[in-house]
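Undergrad: Numbering (our numbering), first residue to last: 93 to 362.
The structure's right below; bear with me while I get my questions together.
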């Protein structure tokens, strides 16, 4: 990216605070990035000779990658990049193949969102339980730890095509950590031949067509967050949500007091 001073000779004479803001604007924006689900993140952790535990290792999701030459401009830009790195939990890695430095950001299970393509939804749902099925007849106890992450995203077509999918999802206790689900209305923009386009990174964007829907455990239904006045345009969506969630609270993955939010969003390329 061209340094601001290259086309504006008076740039060095601007107030320091303004220069720093301009430098910051040239850095990649990291708002609500999506990390794409990969099969094989559940890894075996031997506990004893007769017991094995499987844990979800977030590092196997793959890192987001960014490129910027800003650290090599001057001392001021190095300071700006240093703040950016610490703010977003970014690490710097030297890529010998390209002889360049790459800035990487790993998945943060407390705040980041994992996207599951439609084609991998069944794999995602069953991935942690396959080891138990495989070792069912062996004299080994197999347990599965909670995955740790709380936010997932998926194409809106899942709710349109898979009846009772929330009930099936919370059938398994491990998914009781999920507090927010984001249904992506333009997920097709991410795909090429039913797979995520290679080399592209995506982030959540707001979608104002619907409010946030929250689960009301007493009434056993979804309703608009913060008592937003009801609109008839929500009928179709709420009908699908109610069908998807029928019996959801009756299974192992739903614990008393659990809260669940549903967001309808779009995505942008980063």
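Backbone N, C-alpha and C define an ideal beta-carbon position, used for all residues, glycine too.
1. If we ignore side chains and look at the alpha-carbon of each, how far apart do residue 93 and residue 251 end up?
2. Compare the C-alpha of residue 278 against each of 335, 297 and 268 and name the closest.
3. Using the Cβ count rule (16 or more neighbours within 10 Å means buried), how would you classify residue 189?
4. Which runs of the beta strand (DSSP E) at least 3 residues long sit entirely within the stretch 203 to 268? Give them in chain order.
5. If distances are taken between C-alpha atoms only, which option among 172, 164 and 241 comes closest to residue 127?
6. Any chance the CB of residue 345 is under 6 Å from a heavy atom of the ligand PLP?
7. Flag this pair as yes or no: are the beta carbons of residue 244 and residue 273 separated by less than 7 Å?
8. Quick check on this structure: which residue in 221, 348, 304 and 205 has the alpha carbon closest to the alpha carbon of residue 153?
9. Over the uninterrupted beta strand (DSSP E) stretch that includes residue 111, give me the two end residues.
10. Which one of 268, 284, 249 and 140 has the shortest CA to CA distance from residue 275?
11. So, helix, strand or coil for residue 152, using DSSP?
12. Could you compute how far the alpha carbon of residue 354 sits from the alpha carbon of residue 246?
13. Have a look at residue 116 and residue 162 and give me their C-alpha separation to the nearest angstrom.
14. Could you say if the stretch 171 to 183 and the stretch 195 to 209 meet the contact criterion of at least three C-beta pairs nearer than 8 Å?
15. Identify the continuous alpha helix (DSSP H) that holds residue 327 and give its terminal residues.
16. Verify whether the separation of the beta carbon atoms of residue 358 and residue 299 is less than 7 Å.
17. Whose C-alpha, out of 237, 305, 263 and 254, is nearest the C-alpha of residue 135?
18. Between the alpha carbons of residue 233 and residue 268, how many angstroms are there, rounded?
19. Below 6 Å CB to CB, which residues in the same chain sit around residue 207 once its five sequence neighbours on both sides are set aside?
20. Just verifying my parser: in three-state terms, what is the DSSP assignment at residue 175?
21. Quick one: using the 10 Å Cβ neighbour count with 16 as the cut-off for buried, is residue 328 buried or exposed?
22. Kindly indicate which three-state DSSP category residue 277 falls into: helix, strand or coil?
23. DSSP state of residue 127, grouped into three classes?
24. Under the rule that 16 or more other beta-carbon atoms within 10 Å means buried, what is residue 270, buried or exposed?
25. Using a 10 Å radius around the Cβ and a threshold of 16 neighbouring Cβ atoms, would you call residue 132 buried or exposed?
26. Thinking C-alpha only, which one of 124, 122, 100 and 108 is nearest residue 167?
27. Got a sec, what are the start and stop residues for the beta strand (DSSP E) residue 187 sits in?
28. Got a sec, what are the start and stop residues for the beta strand (DSSP E) residue 306 sits in?
TA: So, from the listed chains and residues:
1. Confidence at residue 93 is low in this model, with a pLDDT of 49, below 50, so its placement is unreliable and the value that follows should be read with caution. Between the alpha carbons of residue 93 and residue 251 lies a distance of about 41 Å.
2. Per the Cα distances, 297.
3. Residue environment analysis places residue 189 among the exposed positions, since fewer than 16 neighbouring C-beta atoms fall within 10 angstroms of its C-beta.
4. Qualifying beta strand (DSSP E) stretches, in chain order: 205 to 207, 233 to 236 and 243 to 247.
5. Nearest of 172, 164 and 241 to residue 127, Cα basis: 241.
6. The model on display carries no ligand, and the ligand PLP is accordingly not part of it.
7. Yes, Cβ-Cβ distance for residue 244 and residue 273 is below 7 Å.
8. Its Cα nearest to that of residue 153, the residue 205 stands out among 221, 348, 304 and 205.
9. Segment 108 to 117 is the alpha helix (DSSP H) holding residue 111; no beta strand (DSSP E) there.
10. Checked all of 268, 284, 249 and 140; the closest Cα to residue 275 is 249.
11. Residue state, collapsed to three classes: helix.
12. The alpha-carbon atoms of residue 354 and residue 246 are separated by roughly 11 Å.
13. So the two alpha carbons sit approximately 10 Å from each other.
14. Judged by Cβ distances under 8 Å, the stretch 171 to 183 makes contact with the stretch 195 to 209, as three or more pairs qualify.
15. Counting along the chain, the unbroken alpha helix (DSSP H) around residue 327 starts and ends at 327 to 337.
16. Against a cut-off of 7 Å, the Cβ pair of residue 299 and residue 358 comes out as a contact.
17. Its Cα nearest to that of residue 135, the residue 237 stands out among 237, 305, 263 and 254.
18. Our two residues, residue 233 and residue 268, have alpha carbons roughly 22 Å apart in a direct line.
19. Around residue 207, the same chain offers 126, 128 and 245 as residues with beta carbons nearer than 6 Å, after the five sequence neighbours per side are excluded.
20. Helix at residue 175.
21. Exposed.
22. The three-state secondary structure of residue 277, taken from DSSP, is coil.
23. If DSSP states are grouped into helix, strand and coil, residue 127 belongs with the strands.
24. So residue 270 counts as buried.
25. By the 10 Å Cβ count, residue 132 comes out exposed.
26. Checked all of 124, 122, 100 and 108; the closest Cα to residue 167 is 108.
27. Taken as a continuous stretch (DSSP letters only), the beta strand (DSSP E) holding residue 187 covers 182 to 187.
28. Where residue 306 is concerned, the enclosing beta strand (DSSP E) stretches over 305 to 308.
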